[in-house]
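So the protein lines, in turn, are chains A and B.
Quick note: the first sequence uses the numbering used here, first residue 1, plus one each step.
Quick note: the second sequence uses the numbering used here, first residue 1, plus one each step.
Ideal Cβ placement from N, Cα and C applies to all residues, glycine included.
Bear in mind the structure is a predicted one, so any value in this text is a computation, not a measurement.
Working notes for the structure below.
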Amino acid sequence: MKAGTSLTVMPVRESFLSAGRLRKIGLTITVFLAPFVLYGLFLLCYEVNPIELYWSMLKSTFGSLFGFGEVLLKATPILLTGLAAALPARAGLINVGGEGQLIIGALFATFAAVFFLDSAPSWVGIPLMLVFGALGGAVWAGIVAVLKTAGRMNETISSLLLNYVATHTVSYFVHGILKDPAAFNWPYSPQISWQLRLPTITGTRLHIGFILAILLAAVVWFILSWTKLGFNIRVLGGNKLAAQRTGFRINWMYVWVLLAAGALAGIAGMIEITGIEGRLRSTTGVNYGYLGFLAAWMAWNHPLRLLFTSFLLGMIAVAGNTLEIGSGLPASSVQILMALVLFFLMGIARRLRS
Amino acid sequence: MIITDILTGALRSGTSVMLASQGELISERAGVINLGMEGSMLAGALGGFAVTVWTGNPWLGTLSGGLCGLIISLIHSFLVLSCGANQLATGLTIMFFGIGVTSFFGRSFVSEQIVGFNPVPIPILSDIPFIGDVLFNHDPLTYLSILLVPVLWYVLFRTRLGVIIRAAGEKEDVLFASGINPLLVRYCAVLAGGFLAGVGGTQLSVAYTHSWVENMTAGRGVVAVALVIFASWRPAMAMVGSYLFGAAQALQLTVQQQGWPISTFFLFMVPYLLTLAALLIVERRKRSSMPEALGNVFSADAGG
Numbered sequence: 001m002k003a004g005t006s007l008t009v010m011p012v013r014e015s016f017l018s019a020g021r022l023r024k025i026g027l028t029i030t031v032f033l034a035p036f037v038l039y040g041l042f043l044l045c046y047e048v049n050p051i052e053l054y055w056s057m058l059k060s061t062f063g064s065l066f067g068f069g070e071v072l073l074k075a076t077p078i079l080l081t082g083l084a085a086a087l088p089a090r091a092g093l094i095n096v097g098g099e100g101q102l103i104i105g106a107l108f109a110t111f112a113a114v115f116f117l118d119s120a121p122s123w124v125g126i127p128l129m130l131v132f133g134a135l136g137g138a139v140w141a142g143i144v145a146v147l148k149t150a151g152r153m154n155e156t157i158s159s160l161l162l163n164y165v166a167t168h169t170v171s172y173f174v175h176g177i178l179k180d181p182a183a184f185n186w187p188y189s190p191q192i193s194w195q196l197r198l199p200t201i202t203g204t205r206l207h208i209g210f211i212l213a214i215l216l217a218a219v220v221w222f223i224l225s226w227t228k229l230g231f232n233i234r235v236l237g238g239n240k241l242a243a244q245r246t247g248f249r250i251n252w253m254y255v256w257v258l259l260a261a262g263a264l265a266g267i268a269g270m271i272e273i274t275g276i277e278g279r280l281r282s283t284t285g286v287n288y289g290y291l292g293f294l295a296a297w298m299a300w301n302h303p304l305r306l307l308f309t310s311f312l313l314g315m316i317a318v319a320g321n322t323l324e325i326g327s328g329l330p331a332s333s334v335q336i337l338m339a340l341v342l343f344f345l346m347g348i349a350r351r352l353r354s
Numbered sequence: 001m002i003i004t005d006i007l008t009g010a011l012r013s014g015t016s017v018m019l020a021s022q023g024e025l026i027s028e029r030a031g032v033i034n035l036g037m038e039g040s041m042l043a044g045a046l047g048g049f050a051v052t053v054w055t056g057n058p059w060l061g062t063l064s065g066g067l068c069g070l071i072i073s074l075i076h077s078f079l080v081l082s083c084g085a086n087q088l089a090t091g092l093t094i095m096f097f098g099i100g101v102t103s104f105f106g107r108s109f110v111s112e113q114i115v116g117f118n119p120v121p122i123p124i125l126s127d128i129p130f131i132g133d134v135l136f137n138h139d140p141l142t143y144l145s146i147l148l149v150p151v152l153w154y155v156l157f158r159t160r161l162g163v164i165i166r167a168a169g170e171k172e173d174v175l176f177a178s179g180i181n182p183l184l185v186r187y188c189a190v191l192a193g194g195f196l197a198g199v200g201g202t203q204l205s206v207a208y209t210h211s212w213v214e215n216m217t218a219g220r221g222v223v224a225v226a227l228v229i230f231a232s233w234r235p236a237m238a239m240v241g242s243y244l245f246g247a248a249q250a251l252q253l254t255v256q257q258q259g260w261p262i263s264t265f266f267l268f269m270v271p272y273l274l275t276l277a278a279l280l281i282v283e284r285r286k287r288s289s290m291p292e293a294l295g296n297v298f299s300a301d302a303g304g
């Protein structure tokens with residue numbers, strides 16, 4: 001099943017069953033199995049039966065509607081932050097700031113929900129929260145854009161550093177003016193009112209945010225692949241010099257692409273608040289930004305392939321919960337599994353592409 | 001008094017970043033960006049701490065902390081140099097991996113106590129008012145790290161070895177033509193960098209905080225990478241930048257002790273904001289000093 005998802009990721013270039021293609025398939029299967037074997041050995045050291053564990057992981061993700069919903073739930077923010085990395089990447093920018101953009105989006109959305117939209121009806125409140133979330137992410141990415149265009153600062157480093165600033169900014173708010181007066185010393189915001197929560201699908205915790213995420217992925221794909229704007233973005237990413245000679249307003253494009261990316265990540269933050277948590281904590285959405293970047297990398301920055309890679313990472317993340325409950329290993333051990341999967345993928349990426 | 005505190009703290013808390021940034025500098029001079037420094041530092045912090053707990057000997061801890069950092073950077077160098085993986089994506093995964101691995105293996109060390117390294121005042125010199133406190137009353141790793149900077153400068157810019165390292169980052173074909181394998185040079189540089197980052201992590205856990213906390217480096221590895229750019233790939237400037245970061249960290253403690261009405265969360269941000277500001281100031285004149293091979297990393301599409 002894991003191999004199947006990855007094959008769809010590969011572009012079709014040759015006849016279906018050529019020798020080269022078969023070799024690639026073999027390589028892909030090996031690479032997808034290897035980390036699980038390695039991780040199995042690791043589990044054996046802790047006296048956990050890996051086969052049983054993998055089986056229960058599979059059951060927890062595909063065995064029930066609830067489990068499957070959980071996978072989609074985890075995949076949703078990864079997909080959105082993945083788009084926030086993939087879109088700038090097509091313009092030649094490396095945005096590693098999804099983490100900060102997400103949480104600032106969550107901050108803006110919560111702020112609006114708590115202070116302005118408390119009694120607003122759903123059809124006004126939720127779209128407005130979305131706007132605020134997108135705005136928050138865009139503001140945070142806007143800092144990167146200004147540093148990039150006006151200060152000529154490398155966006156990789158600045159976006160990474162701003163992630164730490166973002167975390168402390170949110171801590172400041174949840175310890176300060178956004179702190180829930182009813183919670184004695186716990187640093188989190190008050191619960192947002194019930195009509196601002198996203199409707200969920202019966203029998204799961206899955207909310208309609210994931211449909212929005214898929215729609216946004218489709219929109220980004222459409223713009224990139226089928227419009228003049230998307231063509232221009234790809235030209236800029238492919239050959240900056242050519243874009244310059246053609247007379248593109250490069251800095252202008254950088255700013256807009258980064259703002260759009262930030263808005264996408266900010267929406268992920270808003271969805272986390274209104275769809276799942278209901279309140280802002282300083283740990284809201286931790287790691288989703290990095291996972292999104294890695295999902296985008298795995299998808300070679302293609303929005304539709306990103307659907308599969310974010311699903312895959314979402315699956316491993318949910319399986320990690322099983323791991324925690326079923327075997328008593330801490331949640332961090334799933335980070336090890338995820339990193340192993342990525343290491344093997346990175347090891348062969350170059351060979352698969354050529 | 002406050003100024004003495006901040007400056008002393010700048011050295012004490014900046015040393016970990018400084019060691020990591022010198023390591024990153026070696027690696028980048030040879031043409032490899034290692035965003036996984038965060039992972040190496042964490043591994044070093046835990047490895048060094050664990051061995052110090054087991055043996056009671058902080059020097060053994062330092063050595064094994066360095067080795068842990070080296071092992072983590074081995075993953076990076078293998079994937080990047082032998083498999084041609086994207087440097088930024090790999091580095092980020094390593095960071096992720098480092099956080100996961102150390103919080104997994106570090107659980108049992110969270111409440112451990114150690115003696116570790118403690119400040120050793122240098123006789124006579126430490127009696128000088130002001131300067132004595134700031135410069136000559138530190139843990140052994142801090143002294144060693146200060147000595148490292150001129151040594152590294154000398155090696156990089158005055159020896160044949162330094163020429164070889166820099167050639168790997170600038171003109172690898174020339175190096176190849178002169179009969180030296182640039183790949184090997186890069187491997188060594190990245191591993192050396194990982195070792196230093198590991199020692200930096202050890203300084204943090206064994207000499208500075210005397211404890212292990214999950215994800216205790218809190219972005220110091222990322223800051224180290226940023227400081228190398230700030231320093232235009234020069235060891236002395238990287239040292240200055242690191243102490244600046246350290247001073248901002250020390251400021252937090254001082255402000256808390258003095259009870260000044262500044263939000264702690266704002267103070268937490270200051271080191272990162274300061275790093276950003278420092279980068280912004282030097283950004284305009286640094287392009288020419290960037291090792292050529294690094295240019296390819298930043299301009300290649302992120303998916304490569």
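Query                                                                                                                                                                       : Result
Just tell me which of Ala106/A, Ile51/A, Leu206/A and Asn321/A has its CA closest to the CA of Gly137/A.                                                                    : Ala106/A
Looking at the C-beta of Arg186/B, does it have a partner C-beta in chain A at a distance below 9 Å?                                                                        : no
Met269/B versus chain A: which residues are under 8 Å apart at the beta carbon?                                                                                             : Tyr164, Val165, His168 and Thr169
For Val222/B, would you say it is in contact with chain A, using Cβ-to-Cβ distances shorter than 9 Å as the test?                                                           : yes
Can you tell me whether His207/A is helix, strand or coil according to DSSP?                                                                                                : strand
Exposed or buried, Met1/B, counting other C-beta atoms within 10 Å across all chains shown (16 or more means buried)?                                                       : exposed
If contacts are defined as beta-carbon pairs under 8 Å, then Val376/A and Leu323/A qualify, I think. What distance do you get, rounded to the angstrom?                     : The structure shown does not extend to residue 376/A, since chain A spans only 1 to 354, so no value can be given for it.
Per DSSP, which residues does Pro121/B bridge with? Please list them.                                                                                                       : Asn137/B
Kindly indicate if chain A contains any beta-carbon less than 9 Å away from that of Asn118/B.                                                                               : no
Note down, in chain order, every chain B residue with its Cβ under 9 Å from the Cβ of Gln335/A.                                                                             : Phe96, Phe97, Ile99, Gly100, Val101, Ser103 and Phe104
By Cβ distance, which residues of its chain are closer than 6 Å to Ser159/A, with the 5 residues on each side in sequence left out?                                         : Asn95, Val96, Gly97 and Val144
For Leu58/A versus Ala295/A, is the C-beta distance shorter than 9 Å?                                                                                                       : no
Within the 9 Å Cβ cut-off, does Ile75/B reach chain A?                                                                                                                      : yes
Can you list, in chain order, the residues of its chain with a C-beta nearer than 7 Å to that of Ser242/B? Leave out the 5 residues immediately preceding and following it. : Gly14, Val17, Met18, Ser21 and Leu227
List, in chain order, every chain A residue whose beta-carbon is nearer than 7 Å to that of Tyr272/B.                                                                       : Leu161, Tyr164 and Val165
Return no unless some Cβ of chain A is closer than 9 Å to the Cβ of Gly303/B.                                                                                               : Residue placement at Gly303/B is poorly supported in this model, since its pLDDT is 37, which falls under 50; the coordinates still yield a value, given next. Yes, its Cβ sits closer than 9 Å to a Cβ of chain A.
Under 9 Å, Cβ to Cβ, is there at least one residue of chain B near Leu156/A?                                                                                                : According to the sequence shown, residue 156/A is Thr rather than Leu. Thr156/A counts as touching chain B.
In the DSSP output, which residue or residues are listed as bridge partners for Tyr188/A?                                                                                   : Arg281/A
Can you give me the Cβ contacts of Gly66/B inside the same chain, cut-off strictly under 6 Å, excluding the 5 residues immediately before and after it?                     : Phe195, Gly198 and Val199
Taking Ala166/A as the reference, give the member of Gly259/B, Leu273/B and Phe49/B with the closest Cα.                                                                    : Leu273/B
Say whether chain A places a C-beta atom closer than 9 Å to the C-beta of Val174/B.                                                                                         : no
DSSP state of Thr274/A, grouped into three classes?                                                                                                                         : helix
Start and end of the alpha helix (DSSP H) containing Cys188/B?                                                                                                              : Pro182 to Thr202
Among all the DSSP beta bridges, which residues are the ones paired with Thr200/A?                                                                                          : His207/A
Can a CB atom of chain A be found closer than 9 Å to the CB of Leu79/B?                                                                                                     : yes
Between which residues of its own chain and Ala236/B is the CB-CB distance below 7 Å, once the five residues before and five after are set aside?                           : Val149 and Trp153
Would you call the region 162–181 of chain A in contact with the region 250–268 of chain B, where contact means no fewer than 3 C-beta pairs closer than 8 Å?               : yes
Would you mind sorting Arg23/A into buried or exposed? The rule is 16 or more other CB atoms within 10 Å of its CB.                                                         : exposed
Using DSSP with H/G/I as helix, E/B as strand and the rest coil, what is Asn232/A?                                                                                          : helix
When the Cα atoms are used, what is the spatial distance from Gly26/A to Val48/A?                                                                                           : 29 Å
Within 10 angstroms of its Cβ, does Ile325/A collect 16 or more other Cβ (buried), or is it exposed?                                                                        : exposed
Within a Cβ cutoff of 7 Å, which residues of the same chain sit near Pro140/B, ignoring the five residues on either side of it in sequence?                                 : Phe117 and Val120
Measure the Cβ-Cβ separation of Pro190/A and Arg279/A and say whether it is below 9 Å.                                                                                      : yes
Is Leu196/A closer than 9 Å to Leu117/A when the C-beta atoms are compared?                                                                                                 : yes
Does any CB atom of chain A fall closer than 9 Å to the CB of Gly69/B?                                                                                                      : no
Would you say Leu35/B lies against chain A (beta-carbon separation less than 9 Å)?                                                                                          : yes
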